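Presented below is the structure to which this report refers.
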Amino acid sequence: MPRMTKLLLQLQAAADRRHGHGGGLGLGFGPGPGRRHPLTPRHASAAGRFAPACLALCLLALAAAATTLAVALTLHRQGPDPAAGPGGSPRGFSVVINTWRRHALLRRSVAHYAACAGVEAVHVVWSEPRPPPEPLRRGVLINGTRRGTVRFEINEADSLNNRFRPIRGLATDAVFSVDDDLIIPCSTLRFAFDVWQSAPSAMVGFVPRMHWLADPRGSTKEYRYGSWWSVWWTGTYSMVLSKASFFHRQYLDLYTNQMLPSIRNYVNENRNCEDIAMSFLVANATGAPPIWVQGRIFEIGSGGISSLKGHGLQRSRCLNTFAAMYGHMPLVVTTVKAVDSRRSWFW
Numbered sequence: 001m002p003r004m005t006k007l008l009l010q011l012q013a014a015a016d017r018r019h020g021h022g023g024g025l026g027l028g029f030g031p032g033p034g035r036r037h038p039l040t041p042r043h044a045s046a047a048g049r050f051a052p053a054c055l056a057l058c059l060l061a062l063a064a065a066a067t068t069l070a071v072a073l074t075l076h077r078q079g080p081d082p083a084a085g086p087g088g089s090p091r092g093f094s095v096v097i098n099t100w101r102r103h104a105l106l107r108r109s110v111a112h113y114a115a116c117a118g119v120e121a122v123h124v125v126w127s128e129p130r131p132p133p134e135p136l137r138r139g140v141l142i143n144g145t146r147r148g149t150v151r152f153e154i155n156e157a158d159s160l161n162n163r164f165r166p167i168r169g170l171a172t173d174a175v176f177s178v179d180d181d182l183i184i185p186c187s188t189l190r191f192a193f194d195v196w197q198s199a200p201s202a203m204v205g206f207v208p209r210m211h212w213l214a215d216p217r218g219s220t221k222e223y224r225y226g227s228w229w230s231v232w233w234t235g236t237y238s239m240v241l242s243k244a245s246f247f248h249r250q251y252l253d254l255y256t257n258q259m260l261p262s263i264r265n266y267v268n269e270n271r272n273c274e275d276i277a278m279s280f281l282v283a284n285a286t287g288a289p290p291i292w293v294q295g296r297i298f299e300i301g302s303g304g305i306s307s308l309k310g311h312g313l314q315r316s317r318c319l320n321t322f323a324a325m326y327g328h329m330p331l332v333v334t335t336v337k338a339v340d341s342r343r344s345w346f347w
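Mapping of the sequence shown onto UniProt numbering: position 235 corresponds to residue 235, and the numbering continues sequentially without gaps.
See the structure below:
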């Protein structure tokens, strides 16, 4: 900054000379005691003294802003790629799509995610009794050639637990788990991935949910499942559902091979709550809350388990059953929300 400092001093000296200031360093100090500028009215003397100082301060502020911008641009150019691994090689994320007899939705979903930047591979969790029909397999693979590779993960048994089975040859630490009827815009997905990279042990997702104590003053702890409206009304949540969330691939192994078998059995018997089971697993392992990412998501299907009668009551049963199996409630309540301020007026 020597050149900028010299320029400021020269500008200040010129201002002093215009106002009749004597020598010195020209940093806005007025003439000696008892002296007045002969052509400056008495009531304007204060303005005459402070105008040069204001000019100098404004120029210093501009110089500081320019320096800050230059440093930021330098760091942006020289800093590590946010999609780079420890060794500097590009590292993206894998999309794991859970599907069930909605082939048209699956084609559309695969075509979208395979085209998103950062997607290394798309894995389709297939649990239907018959293998994927050849027209579907061929259509999905063609869509996947745009960017990421596409693989079908074939399961012999139909189980919601299949969506969390370890995937052989998984090339990335980050897994984005999503249902076949949800479309997340590529830019929003990339922002969520950046958030996950800042907290890779957390679940980072788009669909927050809450748990409540039915009677906070009671001696027994019975929990209630809170839907989206509970989150919207209170601004608090304790889960992000795995229907649209990032998590570390290590949780696939923990869920399948180390979590209590009784929890997986409960999911199989009730055909529900595998997402709550994953939320319990991550919260119990980390002692930390998930992270809700604000972003627009598009549902391209209709119906599903959540639309069935008694869904909320069944989810409450899951909460209480899992808490009893763990011996405590591991879910952690939070109010934190990740917002991409570049695309939001209010954040």
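Think of the CB as a built atom: it goes at the ideal place given N, C-alpha and C, for glycine as much as any other residue. Every value quoted in this text rests on a predicted model; they were computed, and no experiment measured them.
Straight-line Cα distance separating residue j from residue i
i       : j       : result
Tyr-223 : Trp-292 : 21 Å
Leu-106 : Ala-117 : 19 Å
Ala-192 : Asp-215 : 35 Å
Leu-252 : Met-325 : 20 Å
Val-178 : Phe-206 : 10 Å
Leu-281 : Pro-289 : 12 Å
Pro-261 : Gly-327 : 15 Å
Phe-322 : Ser-279 : 11 Å
Ala-111 : Val-150 : 10 Å
Ser-341 : Tyr-255 : 34 Å
Trp-233 : Arg-138 : 46 Å
Gly-79  : Ser-245 : Note that Gly-79 has pLDDT 33, beneath the 50 cutoff, so the model's placement of it is unreliable and no number is given.
Ala-283 : Val-204 : 12 Å
Ile-167 : Arg-217 : 45 Å
Gly-301 : Gly-287 : 35 Å
Asn-272 : Arg-317 : 11 Å
His-123 : Ser-109 : 11 Å
Nearest residue (CA-CA) to residue i, options the options
i           : options                            : result
Phe-176     : Val-195, Leu-105, Arg-209          : Val-195
Ala-285     : Ala-202, Thr-149, Ile-184          : Ala-202
Ile-184     : Gln-314, Leu-313, Gly-295          : Gly-295
Pro-129     : Thr-335, Arg-101, Val-231, Pro-261 : Arg-101
Ser-230     : Pro-131, Thr-335, Met-278, Leu-254 : Thr-335
Thr-220     : Phe-93, Lys-337, Val-110, Met-329  : Met-329
Gln-258     : Ala-277, Asn-272, Ser-344          : Ala-277
residue 353 : Ser-127, Ser-109, His-103          : Since the first residue of the chain shown is 1 and the last is 347, residue 353 is not available in this structure.
Ala-174     : Arg-217, Phe-247, Gly-235          : Phe-247
Tyr-113     : Val-140, Leu-136, Ser-127          : Val-140
Gly-235     : Ala-283, Ala-338, Arg-168          : Ala-338
With 16 other Cβ atoms within 10 Å as the buried cut-off, status of residue i
i       : result
Phe-298 : exposed
Arg-36  : Only weak support is given to the placement of Arg-36: the predicted model assigns it a pLDDT of 38, under 50, and the question is left unresolved by the model.
Leu-213 : exposed
Gly-226 : buried
Asn-265 : exposed
Val-333 : exposed
Leu-313 : exposed
Ser-344 : exposed
Thr-188 : buried
Gly-181 : Per the sequence shown, residue 181 should be read as Asp rather than Gly. Asp-181 comes out buried.
Pro-131 : exposed
Ala-157 : exposed
Ser-127 : buried
Beta-carbon proximity list for residue i, same chain, < 6 Å, skipping 5 on both sides
i       : result
Ala-66  : Because the pLDDT of Ala-66 is 40, which lies under 50, any placement of that residue in the model is unreliable, and the number read from its coordinates should be weighed accordingly. So the list is empty, once near-sequence residues are dropped.
His-211 : Tyr-223, Ser-238, Leu-319, Leu-331
Arg-315 : Tyr-225
Asn-270 : none
Pro-208 : Val-231, Tyr-237, Val-240, Trp-292
Leu-136 : His-103
Cys-186 : Cys-116
Trp-228 : none
Own chain residues within Cβ distance below 8 Å of residue i, not counting five before or after
i       : result
Val-125 : Val-96, Ile-97, Asn-98, Thr-99, Glu-153, Asn-155, Asn-162, Arg-163, Arg-165
Glu-274 : Leu-160, Asn-161, Arg-163, Phe-164, Ser-242, Val-267
Arg-190 : Cys-116, Ala-117, Gly-118
Thr-172 : Arg-91, Gly-92, Phe-93, Ser-94, Glu-120, Ala-121, Arg-249
Sequence-distant residues of the same chain with beta carbon closer than 7 Å to residue i, five excluded per side
i       : result
Leu-170 : Ser-94, Arg-249
Ala-199 : Ile-291
Ile-263 : Ala-277, Phe-322, Met-325
Ala-44  : Residue placement at Ala-44 is flagged as unreliable, the pLDDT there being 41, under the threshold of 50; the coordinate-derived value follows with that caveat. Answer for Ala-44: no residue qualifies.
With a floor of 4 residues, list each alpha helix (DSSP H) that falls wholly inside the segment 203 to 276, ordered by position along the chain.
Qualifying alpha helix (DSSP H) stretches, in chain order: 228 to 234, 250 to 253, 261 to 270.
Which runs of the alpha helix (DSSP H) fall wholly inside the segment 116 to 158 and span at least 4 residues, in chain order?
Within the segment 116 to 158, the complete alpha helix (DSSP H) runs of at least 4 residues are 134 to 144.
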